[in-house]
Amino acid sequence: MRGQLRDLPRSECVICKGYKRLCGLDRCPIISDIMERFGTKAEKSFLGATPPFVLVGEYNYPNVRVGPAVAGDPELAVKAEDHRFLLERNLLEIARIRTSHIIAKLSRERDLEEIRLSSMSERPVQLEVEIEKLRRKSFFDSIVPPVGPVADAKSVKLSEEPKVPSKIEKVVYDTDLRAVDAVKELYLSGIDVYHSTRLLSLGMLGTRERRRLVPTRWSITAVDSMLGDFLKKKVLELPEYSGDILLYKYEFNDNRYMVLLLPGVYQLKIAEVWLPRGLWTSDKEEVITNYENPVRGFELMDGGHYAMRLPVLEHLIRMRRQATCIAIREIGPGYFIPVGNWQIRESLRKAFLSEPERYDSLREALSSILSGLRSRIRIEIPRGIGRLDEFL
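Right, dumping it as structure tokens:
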């Protein structure tokens with residue numbers, strides 16, 4: 001694996017992020033190297049709590065495998081899905097919490113129905129799991145949160161009644177409601193995006209004839225995309241922001257986030273800067289940019305960028321204004337384990353809870369941004385404003 005790493009064109013790695021297979025290899029050697037470091041053990045039969053995270057694979061789609069994440073410690077089950085709690089932890093703590101779970105790969109259709117029922121619950125529920133074979137390696141991904149090793153499950157059985165919110169029950173049993181409308185209804189009812197992702201992934205949303213299992217990675221991006229498109233339409237109906245230039249900042253485990261809001265019509269420019277000797281880079285900095293305007297969506301299909309867009313739009317809805325937005329994510333070598341794109345979504349949400357820096361001029365705002373970055377990026381700004389470093 002390490003020999004393969006030396007030969008990889010790392011400019012492709014920052015776009016691939018281990019799951020697009022741009023290098024042509026069956027498995028990402030970077031992810032495989034990380035997976036070797038984490039493992040866990042489990043008894044042949046045990047009682048555990050499902051977080052209730054469920055992993056739906058991609059291999060052999062549409063005939064995919066399903067496995068709930070099961071934790072022997074109920075407290076760990078709660079922590080594993082508490083994204084605000086995880087946002088305050090370091091990468092090794094997050095990895096240990098998430099990989100302490102076993103993914104119990106199902107073999108029977110009736111077990112899937114048990115998992116569907118548990119996934120409607122608003123809190124972890126107890127499962128009785130009988131395991132045949134345990135694979136040692138954990139799973140890491142840029143989109144999906146880390147999970148523990150996969151075990152073949154002979155049987156899975158609910159041992160307690162799940163607590164199901166009425167709104168979830170309503171949309172799950174409404175087989176005439178489109179998936180996109182179900183996701184919107186859940187969001188407007190205060191159901192978090194992670195719960196909607198589980199339901200969509202397990203084929204529990206949408207019209208009867210269109211319900212099917214959806215790989216977890218796809219469902220995460222699909223929910224971000226659906227909600228982002230919905231909120232974008234709402235934002236475009238709002239008056240334009242006309243106040244000070246606002247700058248929001250947040251940092252998570254060597255991920256530096258900065259969002260600049262400018263007076264004007266809604267547009268979003270994203271810059272993703274991977275510093276040298278990082279997770280996906282060698283000795284050269286790599287930059288990915290993306291852009292959308294009121295008419296056209298993103299130029300590049302990237303799950304992390306949809307995760308960035310959602311909290312930006314949520315904040316504009318709270319402001320009751322549309323604005324021109326620049327979102328920057330700078331990733332340093334301290335981000336050495338991918339923990340999923342939930343941290344992107346939650347980091348920007350956290351950034352928008354803070355008091356922004358205010359500037360009268362774009363020159364001052366851009367100077368503040370560049371002084372806080374280790375990279376001197378060159379990025380085109382919406383509406384022909386120019387490049388960031390032209391203002392210094």
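Going by the working numbering, the first residue of the sequence shown is number 1, and it counts up by one from there.
C-beta atoms are modelled at their ideal positions from N, C-alpha and C, and glycine is treated no differently.
Just to confirm the assignment, what range does the beta strand (DSSP E) spanning residue i have?
i: residue 252; result: 245 to 252
i: residue 324; result: 324 to 331
i: residue 350; result: Per DSSP, residue 350 belongs to no beta strand (DSSP E); it is in the alpha helix (DSSP H), 342 to 353.
i: residue 56; result: 54 to 56
i: residue 97; result: Segment 91 to 99 is the alpha helix (DSSP H) holding residue 97; no beta strand (DSSP E) there.
i: residue 102; result: 102 to 105
Are the CB atoms of residue i and residue j nearer to each other than 9 Å?
i: residue 162; j: residue 118; result: yes
i: residue 375; j: residue 273; result: yes
i: residue 223; j: residue 197; result: yes
i: residue 78; j: residue 124; result: yes
i: residue 249; j: residue 361; result: no
i: residue 264; j: residue 327; result: no
i: residue 14; j: residue 220; result: no
i: residue 107; j: residue 80; result: no
i: residue 245; j: residue 268; result: no
i: residue 397; j: residue 331; result: Only positions 1 to 392 of the chain appear in the structure, and residue 397 is not among them; the question remains open.
Report the partner residues of residue i according to the DSSP bridge assignment.
i: residue 289; result: 271
i: residue 240; result: 322
i: residue 139; result: 147
i: residue 359; result: 245
i: residue 232; result: According to DSSP, residue 232 bridges with nothing at all.
i: residue 193; result: DSSP, once it has assigned bridges, lists no residue as partnering residue 193.
i: residue 134; result: 151
i: residue 157; result: 128
If you follow the alpha helix (DSSP H) that residue i is part of, which residue opens it and which one closes it?
i: residue 180; result: 179 to 188
i: residue 71; result: Segment: none, residue 71 is in no alpha helix (DSSP H) and carries neither H nor E.
i: residue 259; result: Segment 255 to 262 is the beta strand (DSSP E) holding residue 259; no alpha helix (DSSP H) there.
i: residue 167; result: 166 to 172
i: residue 116; result: 109 to 119
Spatial neighbours of residue i within its chain, please: C-beta separation below 7 Å, excluding the five flanking residues on both sides.
i: residue 229; result: none
i: residue 352; result: 248, 311, 315
i: residue 320; result: 238
Suppose the cutoff is 8 Å on Cβ atoms and the five residues either side in sequence are ignored; what does the same chain contact list for residue i look like?
i: residue 62; result: 212, 213
i: residue 297; result: 229
i: residue 12; result: 22, 23
i: residue 169; result: 120
Is residue i near the ligand NAD - that is, is its Cβ less than 8 Å away from at least one heavy atom of it?
i: residue 247; result: Ligands are entirely absent from the displayed structure, and the ligand NAD is therefore not among its contents.
By Cβ distance, which residues of its chain are closer than 6 Å to residue i, with the 5 residues on each side in sequence left out?
i: residue 102; result: 42, 70, 148, 151
i: residue 16; result: 22
i: residue 111; result: 156
*asked:* Would the stretch 130 to 144 count as touching the stretch 185 to 195 if we require 3 or more Cβ pairs under 8 Å?
replied: Result no; under three Cβ-Cβ pairs closer than 8 Å.
*Taking contact to mean at least 3 C-beta pairs separated by less than 8 Å, is the stretch 276 to 286 in contact with the stretch 200 to 210?*
Three or more beta-carbon pairs separated by less than 8 Å are not found between the stretch 276 to 286 and the stretch 200 to 210, which leaves the two stretches without contact.
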